[in-house]
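In the UniProt record's numbering, the protein residues as written are 1 to 385.
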């Protein structure tokens with residue numbers, strides 16, 4: 001609705017229209033424009049019958065103001081066709097306050113195809129340069145410049161809010177500040193840092209590198225592979241490989257869960273048993289596979305089995321038969337708490353071992369025999385009386 005209102009205003013009020021001018025942009029060359037909506041033309045030709053003027057070079061700057069942008073909507077576009085790859089008549093559109101920064105050039109346009117620029121600029125300033133040679137062979141262009149709010153970022157983009165700018169979401173948490181205020185490197189999880197760092201390296205960084213990544217975690221990680229494709233082994237040797245250690249470093253070979261290459265998903269335990277998991281990714285001088293993708297999901301400590309007791313304070317499992325045996329196997333002593341009389345008896349017997357158990361049984365049997373003999377003797381004496 002706002003665009004239609006802008007069209008109505010521009011056509012009937014005559015925004016930047018001067019029928020006596022043949023200059024580009026109708027006599028506003030060199031000016032900075034700030035209107036809410038504008039209808040700009042290559043030349044003053046209300047009926048669209050005349051060609052634009054030759055030997056023109058005109059620059060116009062659009063200033064939307066802090067926090068706003070201009071949306072460019074073309075109604076007509078017809079400039080001289082290029083000679084080879086060179087535009088002799090052209091319209092340059094810059095996402096900047098001047099035409100000096102070539103990196104801010106959204107495009108140089110000629111011919112009859114509507115300029116393929118982003119839906120709206122990302123900066124408060126938009127600069128347009130219209131240049132023609134010594135011939136006038138086309139009807140020119142007409143476009144609307146509509147002031148809008150900052151552009152929303154796409155799903156695959158990250159919003160640098162301080163400067164109202166969008167960046168590739170994969171550049172977040174890569175260790176480099178793409179946002180001037182640095183918000184793309186804030187609140188990063190360990191996993192996001194790994195992904196961002198690998199994306200920052202690019203394919204060239206994967207060749208001939210050894211990347212050791214130490215994942216510091218408060219509890220544990222469950223590793224879930226989504227894709228795995230490394231170079232196949234030469235004989236029994238992996239030239240490209242992923243090592244996974246159940247430890248805080250890669251020096252303890254006993255903690256190596258496995259060295260993996262080829263296309264089979266790594267056969268590691270469902271989750272690590274230590275708070276640290278170390279991953280080492282190494283490649284040779286060739287890049288012949290698509291790599292890997294995995295999720296590292298933070299979980300609680302591994303559950304104890306049915307025949308085990310959980311020492312929760314230290315995330316450790318002990319044999320359930322050691323509970324209530326009178327000895328603290330858990331450092332915090334929770335294995336000796338809330339014990340029933342029966343549990344204490346069972347625990348004490350287990351603590352004694354098989355020898356102790358046999359001794360107790362024998363003692364009980366001897367006691368029963370003695371008791372039985374005593375009772376029999378007493379009964380006999382009473383019978384004689």
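The beta carbon of each residue, even a glycine, is placed where N, CA and C say it ideally should be. Every value quoted in this text rests on a predicted model; they were computed, and no experiment measured them.
Suppose you measure from the CA of residue i to the CA of residue j; what does that come to, to the nearest Å?
i	j	result
residue 180	residue 127	23 Å
residue 124	residue 112	28 Å
residue 43	residue 161	38 Å
residue 105	residue 174	26 Å
residue 340	residue 330	18 Å
residue 55	residue 33	23 Å
residue 25	residue 291	53 Å
residue 31	residue 108	21 Å
residue 366	residue 334	37 Å
residue 225	residue 297	11 Å
residue 337	residue 275	27 Å
residue 63	residue 267	59 Å
residue 86	residue 74	22 Å
residue 58	residue 166	30 Å
residue 131	residue 92	8 Å
residue 227	residue 343	49 Å
residue 248	residue 255	9 Å
residue 182	residue 221	28 Å
residue 370	residue 323	34 Å
residue 251	residue 245	9 Å
residue 305	residue 327	21 Å
residue 372	residue 380	12 Å
residue 28	residue 52	15 Å
residue 90	residue 49	20 Å
Let me know if residue i comes out buried or exposed under the rule of 16 or more other beta-carbons within 10 Å of its beta-carbon.
i	result
residue 363	exposed
residue 185	buried
residue 129	buried
residue 77	buried
residue 96	buried
residue 60	buried
residue 232	exposed
residue 98	exposed
residue 176	exposed
residue 313	exposed
residue 345	exposed
residue 110	buried
residue 79	buried
residue 368	exposed
residue 149	exposed
residue 283	buried
Span of the beta strand (DSSP E) holding residue i?
i	result
residue 241	241-245
residue 146	140-148
residue 260	256-260
residue 282	276-282
residue 309	308-311
residue 327	Careful: residue 327 lies outside any beta strand (DSSP E) and carries neither H nor E.
residue 317	316-319
- Query: Touching or not, the segment 136-147 and the segment 55-75, by the rule of three or more beta carbon pairs under 8 Å?
  - Reply: yes
- Item | Entirely enclosed beta strand (DSSP E) segments - the segment 64-137, minimum 3 residues | 69-78, 90-94, 105-109 and 125-131
- Minimum length 3: unbroken beta strand (DSSP E) runs contained in the segment 161-190: 165-168
- Is it true that the segment 309-324 meets the segment 277-297, where meeting means three or more beta-carbon pairs spaced less than 8 Å apart? no
- Message: Any contact between the segment 232-248 and the segment 257-270? By contact I mean 3 or more CB pairs, one from each, below 8 Å.
- Response: yes
- Task: Any chance you could list the beta strand (DSSP E) runs of at least 3 consecutive residues sitting entirely within the segment 23-51, in chain order?
- Result: 37-41
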